[in-house]
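Structure first, commentary second.
Residue numbers (the numbering used here): 48 to 538.
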């Protein structure tokens, strides 16, 4: 982008902070030099409430570290109806985006939130899910107040028509009121008027909760504090499914449903058996019938594996698991990788159920069995580790000192998963069923070492290998037959 293009972009889409400063200066009757550079556009529009003419005001703005947006505000002077929303001024991104913020203190309620018309918002602790609706520019506190207002409007009618629904929604509204601390919401001024105190300014302890945004178009945003290393904030991008592309108008529906699109295999993996096997089963989340798909694939320079995928269309539960499709190795394997840049994060990784993972630089140790079997990229598995640990850490009741230490640890983990600092990854698998992609194959990888070692007796005992007979079935059968024919019996 040339300098002239950049200046023109800044002229059309000034930073939202500059717009706020300009509005504050105008309110204080302190006009700025560029006061009339970007006036608000006003258009007469039909009011959908009273069907008379109202006014829509539009403003082009940009959010730092995000993108350009169009802020629209409608007001009808006849009936007082108001409506505010935003639209993205950019293009649909190549990937979807999911944001997660842990709200642990009242100042977190001031985090800015941009929700596009394709974004799903959820707060798991409240069992609250807001489906895609109109675009919105607000804060976490503003989002909660909108939910409180919208659900509270029809409560008198629900109380008469559906008592059970009324009780459930009233319980939800009670939890939101506790978060907002609305018992003393209004305070009196000297002139007798009442003003509302922001929830973030109240000296009341907050119940921790999580806010999640999931937008397949990639046009939503949840603010971080200071930098992307904020331990309470996390962003994850993902590839859209075919269904999501069809909802966004980026793909046409197929003429026939095949039903086997659930399996996504990273990399170019080819196997001798191209068939996908389907097994009927039951969803472990909602107990509804579903189908688990399984495919056998071969990883180059490694071995055959089995990839199993489960997807429940009713509750959205998804699970992917990897199993070894080969014989048990005689020795264990230890893989050590020196990660230096983003390119290393794109390596394919197979972590079996028997594999442990460690990053010595941040004192991270995951024992065998953690996360189960996973076949993804190095970036993907570190993202899963971060999400699992952050949920457990912030959901606990540990003291402030422990929580501060955990936040420091998560900050270091975030730097590692973003390759902002070099680190060492160690995979140790006593069954040698784990794999890390060699970018230089078939030549040796200068940043990766692979060691084989003899399993200890304790490891064999834990894996159930000490009492396993894997070689002399025929000899054992012949011995037993001769023993029986000789009329000799053991007690």
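Beta carbons: idealized from backbone N, C-alpha and C, even for Gly.
A quick note: this is a predicted structure, and the numbers were derived from the prediction, not measured.
Asked, Found
"By the DSSP assignment, the alpha helix (DSSP H) with residue 218 in it spans what residues?", "210 to 227"
"Give a yes or no on whether the C-beta atoms belonging to residue 198 and residue 216 are separated by under 9 Å.", "yes"
"Does the count of Cβ pairs from the segment 344 to 362 and the segment 478 to 491 closer than 8 Å reach three?", "yes"
"Would you call the segment 244 to 259 and the segment 154 to 171 in contact, with 3 or more CB pairs under 8 Å?", "yes"
"Within 10 angstroms of the Cβ of residue 93, are there 16 or more other Cβ atoms? Answer buried if so, exposed if not.", "exposed"
"Alpha carbons only, please: which of 213, 195 and 207 is nearest the one belonging to residue 226?", "195"
"So, does the segment 425 to 441 touch the segment 453 to 467, judging by three or more C-beta pairs under 8 Å?", "yes"
"Note down, in chain order, each residue of its chain lying with its Cβ closer than 6 Å to the Cβ of residue 90, except the 5 sequence neighbours on either side.", "103"
"Nearest CA to the CA of residue 322: which residue from 220, 355 and 121?", "355"
"Tell me which same chain residues have a C-beta within less than 8 Å of the C-beta of residue 101, skipping the five on either side of it?", "91, 92, 93, 94, 121, 122, 123, 124, 125 and 128"
"Alpha carbons only, please: which of 119, 163 and 245 is nearest the one belonging to residue 139?", "163"
"Cβ atoms of residue 384 and residue 251: under 9 Å apart, would you say?", "no"
"Specify whether the segment 264 to 284 and the segment 143 to 152 touch according to this definition: at least 3 beta carbon pairs, one from each stretch, less than 8 Å apart.", "yes"
"Could you have a look at residue 182 and say whether DSSP puts it in helix, strand or coil?", "coil"
"Residue 219 and residue 183 - do their beta-carbons sit closer together than 9 Å?", "no"
"Nearest to residue 200 by CA position, among 213, 376, 366 and 119, is which residue?", "213"
"Just checking my contact of residue 371 with residue 399 at CB under 8 Å: how many whole Å lie between their CB atoms?", "6 Å"
"Could you pull the start and end residues of the alpha helix (DSSP H) that residue 293 belongs to?", "289 to 294"
"On the DSSP letters alone, give me the boundaries of the alpha helix (DSSP H) that residue 192 sits inside.", "187 to 200"
"Where residue 294 and residue 328 are concerned, what is the direct C-alpha to C-alpha distance, given to the nearest angstrom?", "28 Å"
"With DSSP as the reference, please indicate the residues paired to residue 106 in a beta bridge.", "118"
"Just the Cα atoms here: how many angstroms apart are residue 202 and residue 224?", "15 Å"
"Following the continuous alpha helix (DSSP H) through residue 151, name the residue where it begins and the one where it ends.", "No alpha helix (DSSP H) contains residue 151, which DSSP labels as neither H nor E."
"Applying the 10 Å Cβ sphere with the 16-neighbour rule, what's the burial state of residue 307?", "Its pLDDT being 43, under 50, residue 307 is placed unreliably in this model, and the coordinates cannot settle the point."
"Any idea which residues DSSP pairs residue 413 with across the strands?", "404"
"Could you compute how far the alpha carbon of residue 401 sits from the alpha carbon of residue 512?", "13 Å"
"Evaluate residue 515 with the Cβ neighbour count: other Cβ atoms within 10 Å of its Cβ, from every protein chain shown; 16 or more gives buried, anything less gives exposed.", "exposed"
"So, under 8 Å CB-CB, residue 157 and residue 186 are touching, yes? Tell me the CB distance rounded to an integer number of Å.", "6 Å"
"Whose CA, out of 165, 507, 206 and 247, lies closest to the CA of residue 189?", "247"
"Who are the Cβ neighbours of residue 330 in its own chain at under 6 Å, not counting the five residues just before and after it?", "337, 359 and 364"
"On the DSSP bridge assignment, give the partners of residue 492 in chain order.", "Its beta-bridge partners do not exist; DSSP assigns none."
"Kindly list the residues whose CB is nearer than 8 Å to the CB of residue 97, restricted to its own chain and excluding five residues on each side of it in sequence; keep chain order.", "123, 125, 126 and 128"
"Given that a residue counts as buried once 16 or more other Cβ atoms are within 10 Å of its Cβ, and exposed if not, what is residue 500?", "exposed"
"Taking DSSP as the reference, what is the three-state secondary structure of residue 246?", "helix"
"Which residues share a DSSP beta bridge with residue 391?", "Per DSSP, none; premise fails for residue 391."
"Give the range of the alpha helix (DSSP H) segment to which residue 485 is assigned.", "Segment: none, residue 485 is in no alpha helix (DSSP H) and carries neither H nor E."
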